[in-house]
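Visitor: Starting off with a structure, shown below.
2 protein chains.
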Amino acid sequence: MPTSFYSAQQAAVSPRIGIEAVSPSVDGGLFPVNRVVGDTLTVGADIICDGHDLLAVALLWREAGMPQWQEVRMTLLGNDRWEASVKLTTLGVIEYTVEAWVDHFATYQDELQKKLAAGIDISLELREGAHWLEKAASRPEGSKLHAVLAELNSAPPEDRPKILLSDDTKAMMDAAAHRAFAVRADPPFTVEVDRLAARYANWYEVFPRSLSDDENRHGTWKDVIRHLPRIQKMGFTVLYFPPVHPIGQKNRKGKNNSLQAGPNDPGSPYAIGSEAGGHEALHPELGTLEEFEQLRQAAQDHGLELALDFAVQCSPDHPWLKQHPEWFAHRPDGTIKFAENPPKKYEDIVNIDFYGAGAVPAAWEALRDVVRIWAERGVKLFRVDNPHTKPMPFWQWMIASIRRDFPDTVFLAEAFTRPKVMYRLAKIGFGQSYTYFTWREGKEEFQDYLNELSRAPAKEFFRPHFFVNTPDINPTYLQNAKRGMYLVRAALAATLSGLWGVYNGFELCEGTPFKKGVEEYLDSEKYQLRAWDWDRAGNIVPEITQLNAIRRDNPALQSHVNIEFLPSDSEQVLYFEKRCDTGRNILLVAISLDPSEPQTVSLSLPRKRWNVGETQAVKGTNLLTGVAKTFEDLAETIILTPDQPYAIWRIQPGAMAEQAVS
Amino acid sequence: MPTSFYSAQQAAVSPRIGIEAVSPSVDGGLFPVNRVVGDTLTVGADIICDGHDLLAVALLWREAGMPQWQEVRMTLLGNDRWEASVKLTTLGVIEYTVEAWVDHFATYQDELQKKLAAGIDISLELREGAHWLEKAASRPEGSKLHAVLAELNSAPPEDRPKILLSDDTKAMMDAAAHRAFAVRADPPFTVEVDRLAARYANWYEVFPRSLSDDENRHGTWKDVIRHLPRIQKMGFTVLYFPPVHPIGQKNRKGKNNSLQAGPNDPGSPYAIGSEAGGHEALHPELGTLEEFEQLRQAAQDHGLELALDFAVQCSPDHPWLKQHPEWFAHRPDGTIKFAENPPKKYEDIVNIDFYGAGAVPAAWEALRDVVRIWAERGVKLFRVDNPHTKPMPFWQWMIASIRRDFPDTVFLAEAFTRPKVMYRLAKIGFGQSYTYFTWREGKEEFQDYLNELSRAPAKEFFRPHFFVNTPDINPTYLQNAKRGMYLVRAALAATLSGLWGVYNGFELCEGTPFKKGVEEYLDSEKYQLRAWDWDRAGNIVPEITQLNAIRRDNPALQSHVNIEFLPSDSEQVLYFEKRCDTGRNILLVAISLDPSEPQTVSLSLPRKRWNVGETQAVKGTNLLTGVAKTFEDLAETIILTPDQPYAIWRIQPGAMAEQAVS
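Written out as structure tokens, the structure is:
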């Protein structure tokens, strides 16, 4: 029974088989999904067809640019939903798509089986089976089927069903038979595969010039090297510097952002560029490129990766202003246009006129080349300053361009802007983003925000980086706050997100504001050298060290996904479960949001989620004390104190079924 | 400050402005949205851009095939979401899309205003303003701006801001200025605009051959005409017939689906085709085409539109088997392939081999032409039998082909199949669908199902038709049931959905099953002539009449959307609000799901939804009694009795704000 196609033209606009709701996908495949090496990519799709024929569905994938697809069969979950998984093993862009077709031979086998079972005469069916085999044997892929056909034709009729129904025959038919009504989701979907550090890292931010431990001496790369053991000991994995380039003199800012700089004021590192060079150069007082490379190596030896700041704006002394005046906008009187937010003007900063005729493509390429230079110098993490005020197309092009050659680069967006703009930056290439974490304080706020971040669509393309503070953000609740609040914020960031960051001083409970009502620090390192007492009394270094160790040992904390908020009887206590996607790592975390007084709270145990009965004992470990614990009841009452405002247990529910933690 | 584009090539793959989350849309625009004439189509989109420039966004629409777009500006709702509406006034396919651009002149005006207010010197800004005007004036659309420029240049500097900031100038600039960084969602989205009957209708199904009121005489078109006043009086708007074509003799089924037909058995009308003709012909005993046309006219005069059944299968006597054997599949022995569902065979039915080489395109065109013939004969409603067993591409092509010439045709899918297949049929062209209504009985079941149907994505493309029974479905709960259960099912269907249907006998509380455990009726009209006592004692004709009148007078009941389930203290009472999208029509409906005994229930009044205070009196009308009612409390306690198991009020919350019912 040869079945031809309806016209190919018709099939293209109106396929017999519909492929719908492919997951994961971002905006229908317009943007890539994010994953890291080692992740399993599980792809699902609705496959919809008329009639009763059996279908076959395959997941296809390949490295972008490769001509050949690899393929694995998808399985039917029910309700027309199919699924398959593939392990991601290489950095870079992987394409994937779904192909579905009518499996005529499977349909034939199914009908033959039923008729055999019903004792119906199958002589015509045997001839039909031979037809299917002949058809496939005549194809280039079907040579093996000639032997089967010969066997079939020489066998007595009563032995033929066995040949036609065998798994071997089916496997040969799968390889050879025409895929009837085959349809493929097109264009394919993409996944950007990063290294683990894109999803899990502990950042520590310092101004290298403040690491001399003498506020009268400009710090150097050698000073930074001296601090590496301290930073490593705390468990940080990334050491991040604000801009380290030459700083302009013209309109230089003084201490506490004053308009007049004193003769010894170092200026804001964000006013990039001077006679000593621009974005490709190092500030002379920090040291040479050789010394920077020594630092980079030493940091690596201490388990620390360097992250640099990519801030596009120029000081009025940046060499580009003279070399490439056409990259900047000019007023009708011929003067250069300074940054402004009417009626305010920022005469210490000049922005490149990104979309201007003089800047495209030369300025774009020059900026891309700056990043490339630092990548060639071994820097693979870039924190990007204010990306939302520069062209989205620039980022999309630049990041793709860099990642083609350096697929291990990761770009962190300092996207403190509106939520959809923040998300769009992630879609177009930023592997991490600053978030609203610093402005979330209440229990419901955290639950809502984490639920949004940890579920589709956001979880497929957006990796939140939870900084507890930054040189620009000294949050109100930390200003002149007690130690307990620093512990709370550290615990929140370190347990809620796979990425968390600390700007130095936080671990010392430094929170003196410039003045009431603003988030600036007093005597901000942005405008002056500082020296810190790293052992200051009341610091929370031991707690941060412990939190980072717990993060290292528990994959459940190395991502923001797989979080489930659980019921407790206190509005002041955030309580949740985190579990690892692939392992059997299950944590319970409770954090007081008000460490001003002890919080007594009853935490319900999610026994149903763990597939354990109401009376069954559940074993666990208090990860702060190392003490083993057996949970006997439906709930656990604890007290979170100002000195220890959080609790973390690792759960080992012995009787848990494997599928309960998948 | 002339701003050029970054390269056009770049802009195409990576636009400055992102258009995301356009609504309404079905599968990202792959399928059309459904609406009816008179509806307002409200389109929303996220518009995302870098930087701080002001944006402008327009909704564009046109009849499919027209070269010119019409345009209306969208307004910013906040959170980067924009919206605009357009009234749909014509049948057929409307295309729509969203265009966004950077509004340089609006940005300029905004900055000028701020600088003026701050008392900053604006002499350079005045020159920049003139530049913008000059640029636009040089364009073909900018001729009017020359006068403005002349005025500007001759005005003293202190008068120039007024000219540059005037609404007139802005309007001229809107019309003339280049739309910088303009981006448009492409391909456009589509909306299928139907007539109201696609969304709101009351169907009544009869076998015309059973309308002689004498089970020994085959009914005729004249008999149907005699019944029109009765059917009209009940408030039905559509009169639907199972197939009315010649019936085959070979393997004809007898009474109660017996394999041997008696000499006087009329056969199943679904065994279509005999010597007297096929799908284009009328069963000779019903009457002539002229008489059918008389009926159609008479029905129209009674406010009733005819709906016919489009059932593709053929009896073995269908003329096509001889005329076009190549349209049918053959076995290896040359015999024709009958319908089968192994191991079962259906030798009274032959299916066209739709995808077979011999059937494409001839059989597809022939079937399309059958529908066209009936459309030309004035039939515009087609109930399609079992569409999921025939090609999706056929329906997509056929329905589009028919609707191009007859945009007032509507196709109802008898899609009793899996949910995603049911939805796909709606996406590819069916304007209405049978549903799972008949198998929903519990309160939570109804709430879940209606919530799914009345929200996106389903509500954008799927119109549910709630039949209380069909010739194939005599639901278990109606079998030998008391009158109260018939009232319950009528009230459910008539208030939950804009489309409801009754197969005759239901209004007489006929529910005798063929046997226990099956949904077939005893002595089914599918296989024999019947005569009914239309005034049978215990009928629910008065109640159906009243329900249809309430539906006619209350637009809130003419759609399944805008339903909100409300709290009550009984699991046996379904309680909800329905309101009309555009009018101030608000109903409260309470329906007992267990009419075997009285149900006392306390119904909470949704005062917050209505924007009325807790102590404010709310006026209403009991639509079953016509009695006015004032609700004084937070809840209302009523008793739903077996004789009156539902209640419907129309609410007139006098103090309600207009926006509360939008």
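In the order they appear, the protein sequences are chains A and B. Going by my numbering, the first sequence opens with residue 17, and the numbers climb by one from there. Going by my numbering, the second sequence opens with residue 17, and the numbers climb by one from there. Ideal Cβ placement from N, Cα and C applies to all residues, glycine included. The structure presented is a predicted model; accordingly, all values stated were derived computationally and were not measured.
Is the Cβ-Cβ distance between B/Leu311 and B/Val240 less than 9 Å?
Guide: For the purposes of this step, residue 311 of chain B is taken as the residue at position 295 of the second sequence. For the purposes of this step, residue 240 of chain B is taken as the residue at position 224 of the second sequence. Yes, they are a contact pair.
Visitor: Along chain B, which residues have their Cβ under 9 Å away from the Cβ of A/Pro48?
Guide: On the first sequence, position 32 is the one that residue 48 of chain A refers to. Correct list: empty, because the minimum Cβ distance to chain B is about 13 Å.
Visitor: So which residues on chain A does B/Asp62 lean against when the C-beta distance must stay under 8 Å?
Guide: Taking the first residue of the second sequence as position 1, residue 62 of chain B is located at position 46. Taking a Cβ-Cβ threshold of 8 Å, the residues of chain A close to B/Asp62 are Lys436, in chain order.
Visitor: Would you report the Cα separation of B/Thr657 and B/Phe581, rounded to the nearest angstrom?
Guide: Here residue 657 of chain B refers to the residue found at position 641 when the second sequence is read from its first residue. Here residue 581 of chain B refers to the residue found at position 565 when the second sequence is read from its first residue. Each residue's alpha carbon lies about 21 Å from the other.
Visitor: Since I believe A/Pro473 is in contact with A/Ala431 (beta carbons under 8 Å), could you give me their beta-carbon distance rounded to a whole number of angstroms?
Guide: If you number the first sequence from 1, residue 431 of chain A lands on position 415. If you number the first sequence from 1, residue 473 of chain A lands on position 457. So it is not a contact: roughly 17 Å between Cβ atoms.
Visitor: Give the single residue among A/Gly394, A/Arg393, A/Met414, A/Glu392 whose Cα lies nearest to the Cα of A/Val400.
Guide: One-based indexing of the first sequence puts residue 400 of chain A at position 384. Checked all of A/Gly394, A/Arg393, A/Met414, A/Glu392; the closest Cα to A/Val400 is A/Met414.
Visitor: Examine chain A for any beta-carbon lying closer than 9 Å to the beta-carbon of B/Gln675, and answer yes or no.
Guide: Reading the second sequence from its first residue, position 659 is the one you call residue 675 of chain B. Because B/Gln675 sits at a pLDDT of 42, beneath the cut-off of 50, its placement in the model cannot be relied upon, and the following sentence gives the value as read from the coordinates. No, B/Gln675 does not count as interfacial toward chain A.
Visitor: Taking the continuous alpha helix (DSSP H) assigned at B/Gly500, which residues delimit it?
Guide: The residue given as residue 500 of chain B occupies position 484 in the second sequence. Unbroken alpha helix (DSSP H) run through B/Gly500: 499 to 512.
Visitor: So, does the CB of B/Thr405 fall closer than 9 Å to a CB anywhere in chain A?
Guide: Within the second sequence, residue 405 of chain B is the residue found at index 389, counting from 1. Answer yes: the Cβ-Cβ gap between B/Thr405 and chain A drops below 9 Å somewhere.
Visitor: Could you tell me the alpha carbon to alpha carbon distance between A/Ala217 and A/Phe592, rounded to whole angstroms?
Guide: In the first sequence, counting from the first residue as 1, residue 217 of chain A sits at position 201. In the first sequence, counting from the first residue as 1, residue 592 of chain A sits at position 576. Their backbone Cα atoms lie some 21 Å apart in a straight line.
Visitor: How about B/Ile136: is its C-beta nearer than 9 Å to some C-beta of chain A?
Guide: Within the second sequence, residue 136 of chain B is the residue found at index 120, counting from 1. Answer yes: the Cβ-Cβ gap between B/Ile136 and chain A drops below 9 Å somewhere.
Visitor: Closer than 8 Å by beta-carbon distance: list the chain A residues that pair up with B/Asp13, in chain order.
Guide: In the structure as shown, chain B begins at 17 and stops at 678. Residue 13 of chain B is therefore absent and cannot be evaluated.
Visitor: Where does A/Gln615 fall in DSSP's three states?
Guide: Residue numbering aside, residue 615 of chain A sits at position 599 when the first sequence is read from its first letter. It is a strand residue.
Visitor: Express the C-alpha separation of B/Leu46 and A/Pro689 in angstroms, rounding to a whole number.
Guide: Only positions 17 to 678 of chain A appear in this structure, which leaves residue 689 of chain A out of reach.
Visitor: Against chain B, with Cβ distances strictly below 9 Å, would A/Ile352 count as a contact?
Guide: Here the question's residue 352 of chain A lines up with position 336 in the first sequence. No, because no Cβ of chain B sits closer than 9 Å to the Cβ of A/Ile352.
Visitor: When we look at the beta-carbon of B/Leu441 and count the other beta-carbons within 10 Å, is it buried (16 or more) or exposed?
Guide: Looking up residue 441 of chain B in the second sequence gives position 425. Buried is the call here.
Visitor: Show which residues of chain A have a CB atom less than 8 Å away from the CB atom of B/Pro359.
Guide: Here residue 359 of chain B corresponds to residue number 343 of the second sequence, with the count starting at 1. By Cβ distance, chain A contributes Lys130, Lys131, Ala133, Ala134, Ile136.
Visitor: State the beta-bridge partners of A/Cys330 as determined by DSSP.
Guide: Looking up residue 330 of chain A in the first sequence gives position 314. Answer is A/Val366.
Visitor: Counting only Cβ pairs nearer than 7 Å, list the residues of chain B close to A/Arg143.
Guide: Position 127 of the first sequence, counted from the first residue, corresponds to residue 143 of chain A. By Cβ distance, chain B contributes Pro348.
Visitor: In chain A, what lies closer than 9 Å to B/Glu430 by C-beta?
Guide: The residue you call residue 430 of chain B lines up with position 414 of the second sequence. By Cβ distance, chain A contributes nothing, its closest Cβ being about 14 Å from B/Glu430, past 9 Å.
Visitor: Sorted by chain position, which residues of the same chain lie with C-beta nearer than 7 Å to B/Gly554's C-beta, five sequence neighbours on each side aside?
Guide: The residue given as residue 554 of chain B occupies position 538 in the second sequence. Spatial neighbours of B/Gly554 in its own chain (CB-CB distance under 7 Å, excluding positions within 5 residues in sequence) are listed in chain order as Arg499, Cys525.
Visitor: What do you get for B/Ala671, buried or exposed, if any count of 16 or more other CB atoms within 10 angstroms of its CB means buried?
Guide: As a working mapping, residue 671 of chain B is identified with position 655 in the second sequence. Note that B/Ala671 scores 47 on pLDDT, short of 50, meaning its location in the model is unreliable; the coordinates nonetheless yield the value given after this. Looking at its Cβ environment, which holds fewer than 16 other Cβ atoms inside 10 Å, B/Ala671 is exposed.
Visitor: Which whole runs of the beta strand (DSSP E) in the stretch 95 to 170 of chain A are 3 residues long or more, in chain order?
Guide: 97 to 103, 108 to 118
Visitor: Does the beta-carbon distance from A/Arg155 to A/Ala193 come in below 9 Å?
Guide: Start at 1 with the first residue of the first sequence, and residue 155 of chain A comes out as number 139. Start at 1 with the first residue of the first sequence, and residue 193 of chain A comes out as number 177. A/Ala193 sits close to A/Arg155, with the two beta carbons spaced by under 9 Å.
Visitor: When you compare the CB of A/Glu36 with every CB in chain B, is at least one pair closer than 9 Å?
Guide: For the purposes of this step, residue 36 of chain A is identified with residue 20 of the first sequence, where counting begins at 1. Taking Cβ atoms only, chain B reaches closer than 9 Å to A/Glu36, which makes this a yes.
Visitor: Starting from A/Glu476, trace the alpha helix (DSSP H) both ways and give me its first and last residue.
Guide: Residue 476 of chain A sits at position 460 when you count from the first residue of the first sequence. Per DSSP, A/Glu476 belongs to the alpha helix (DSSP H) from 474 to 477.
Visitor: Could you list the residues in the stretch 88 to 111 of chain A with a C-beta less than 9 Å from some C-beta on chain B, going in chain order?
Guide: Asn95, Asp96, Arg97
Visitor: Check whether the Cβ atoms of B/Gly303 and B/Tyr543 lie closer than 9 Å to each other.
Guide: Here residue 303 of chain B refers to the residue found at position 287 when the second sequence is read from its first residue. Here residue 543 of chain B refers to the residue found at position 527 when the second sequence is read from its first residue. At the C-beta level, B/Gly303 and B/Tyr543 stay beyond 9 Å of one another.
Visitor: Against chain A, which members of the stretch 140 to 171 of chain B pass a CB distance test of less than 8 Å?
Guide: Leu140, Arg143, Glu144, His147
Visitor: Looking at the C-beta of A/Leu70, does it have a partner C-beta in chain B at a distance below 9 Å?
Guide: By 1-based counting over the first sequence, the position of residue 70 of chain A is 54. So no, A/Leu70 is outside the interface.
Visitor: Note down, in chain order, every chain B residue with its Cβ under 7 Å from the Cβ of A/Arg440.
Guide: For this step, residue 440 of chain A is matched to residue 424 along the first sequence. Correct list: Gly34, Ile64.
Visitor: Compare the beta carbon distance of B/Thr511 and B/Leu603 with 9 Å and say whether it is the shorter of the two.
Guide: Residue numbering aside, residue 511 of chain B sits at position 495 when the second sequence is read from its first letter. Residue numbering aside, residue 603 of chain B sits at position 587 when the second sequence is read from its first letter. The answer is yes: Cβ separation under 9 Å.
Visitor: Just confirm the distance between the C-beta atoms of A/Glu150 and A/Tyr124, as a whole number of angstroms; I'd bet it's less than 8 Å.
Guide: Along the first sequence, one-based indexing puts residue 150 of chain A at 134. Along the first sequence, one-based indexing puts residue 124 of chain A at 108. 13 Å between Cβ atoms; not a contact.
Visitor: Could you give the DSSP three-state label for A/Phe344: helix, strand or coil?
Guide: By one-based count along the first sequence, residue 344 of chain A stands at place 328. A/Phe344: coil per DSSP, three-state reduction.
Visitor: Would the beta-carbon of B/Trp343 fall within 9 Å of that of B/Ala292?
Guide: In the second sequence, residue 343 of chain B corresponds to position 327, counting from 1. In the second sequence, residue 292 of chain B corresponds to position 276, counting from 1. No, they are not a contact pair.
Visitor: Is A/Lys396 buried or exposed, if buried means 16 or more other CB atoms sit within 10 Å of its CB?
Guide: Taking the first sequence and counting its residues from 1, one reaches residue 396 of chain A at position 380. Buried, by the Cβ-count rule.
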